[in-house]
């Protein structure tokens with residue numbers, strides 16, 4: 054299994070084809086074939102490449118993430134290093150992740166004011182199944198995509214779940230750390 058995260062340098066002025074050729078995913082000859090097919094059928098580059106069977110949807114998402122400076126977790130093979138629930142890592146252009154980025158933007162404007170030095174946030178709820186773990190984990194991902202240092206602590210003493218989302222072992226819990234054991 055190989056995992057790569059897109060570079061954070063802005064590349065909006067580079068084409069998807071150029072990004073994929075630089076990454077070794079696409080040959081110049083295949084890029085030319087895609088461009089011809091694209092012009093003949095009035096498609097976008099990615100759509101043409103997928104129809105020709107030269108690229109996958111994951112390849113296109115990877116190139117778009119590099120083009121627009123979004124981190125994108127790209128896996129090779131069947132095994133994934135994170136749960137599918139971490140949509141911010143796997144589907145950076147989905148409507149759900151756009152909503153998460155909107156929440157992040159509002160938090161940054163209204164809560165994480167640099168002058169105030171507020172840098173801690175808690176996601177709480179009263180009932181199981183409300184989506185606290187999902188929201189907290191995906192917000193942590195979208196904040197980290199900005200290059201911000203991000204620490205996610207699962208303080209659910211009864212049903213901790215973050216280790217499941219990030220596919221980690223649950224050897225030491227928060228209560229153990231807090232008690233000094």
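Numbering (this note's numbering), first residue to last: 54 to 234. Glycine included, every Cβ here is placed at the ideal spot set by N, Cα and C.
Leaving out five residues on either side along the sequence, give the residues of the same chain with a beta carbon under 6 Å from the beta carbon of residue i.
{"i": "residue 233", "result": "none"}
{"i": "residue 79", "result": "73"}
{"i": "residue 83", "result": "107"}
{"i": "residue 136", "result": "218"}
{"i": "residue 149", "result": "140"}
{"i": "residue 91", "result": "98 and 101"}
Within 10 Å of its beta-carbon, does residue i have 16 or more other beta-carbons around it, so buried, or fewer, so exposed?
{"i": "residue 231", "result": "exposed"}
{"i": "residue 113", "result": "buried"}
{"i": "residue 218", "result": "buried"}
{"i": "residue 152", "result": "exposed"}
{"i": "residue 228", "result": "exposed"}
{"i": "residue 57", "result": "Low local confidence applies: a pLDDT of 39 at residue 57 is under 50, so the model's placement there is unreliable, with the coordinate-based value given in what follows. Answer is exposed; the Cβ neighbour count stays below 16."}
{"i": "residue 54", "result": "The predicted position of residue 54 is uncertain, since its pLDDT is 33 and thus under 50; a value taken from the coordinates is nonetheless stated next. Exposed is the call here."}
{"i": "residue 221", "result": "exposed"}
{"i": "residue 207", "result": "buried"}
{"i": "residue 162", "result": "exposed"}
{"i": "residue 172", "result": "exposed"}
Starting from residue i and walking both ways along the alpha helix (DSSP H), at which residues does that stretch end?
{"i": "residue 70", "result": "69–75"}
{"i": "residue 45", "result": "Because the chain spans 54 through 234 in this model, residue 45 falls outside it and cannot be assessed."}
{"i": "residue 224", "result": "Per DSSP, residue 224 belongs to no alpha helix (DSSP H) and is neither H nor E."}
{"i": "residue 161", "result": "148–163"}
{"i": "residue 97", "result": "Segment: none, residue 97 is in no alpha helix (DSSP H) and carries neither H nor E."}
{"i": "residue 111", "result": "110–120"}
{"i": "residue 141", "result": "140–143"}
{"i": "residue 217", "result": "215–218"}
Using C-beta distances below 7 Å, list every residue in its chain close to residue i, excluding the 5 sequence neighbours before and after it, in chain order.
{"i": "residue 211", "result": "none"}
{"i": "residue 223", "result": "213 and 216"}
By Cβ distance below 8 Å, which residues in the same chain neighbour residue i in space, the five residues on each side in sequence not counted?
{"i": "residue 205", "result": "189, 190, 193 and 215"}
{"i": "residue 86", "result": "105 and 107"}
{"i": "residue 177", "result": "185"}
{"i": "residue 187", "result": "138 and 218"}
{"i": "residue 109", "result": "103"}
Could you tell me whether the region 90–108 touches the region 66–78, using the rule of 3 or more Cβ pairs below 8 Å? Contact annotation: the region 90–108 touches the region 66–78, with at least three C-beta pairs closer than 8 Å.
Assess, as a yes-or-no matter, whether the region 193–203 is touched by the region 149–160 under the definition of 3 or more beta carbon pairs within less than 8 Å. The region 149–160 makes contact with the region 193–203, as at least three CB pairs between them are under 8 Å.
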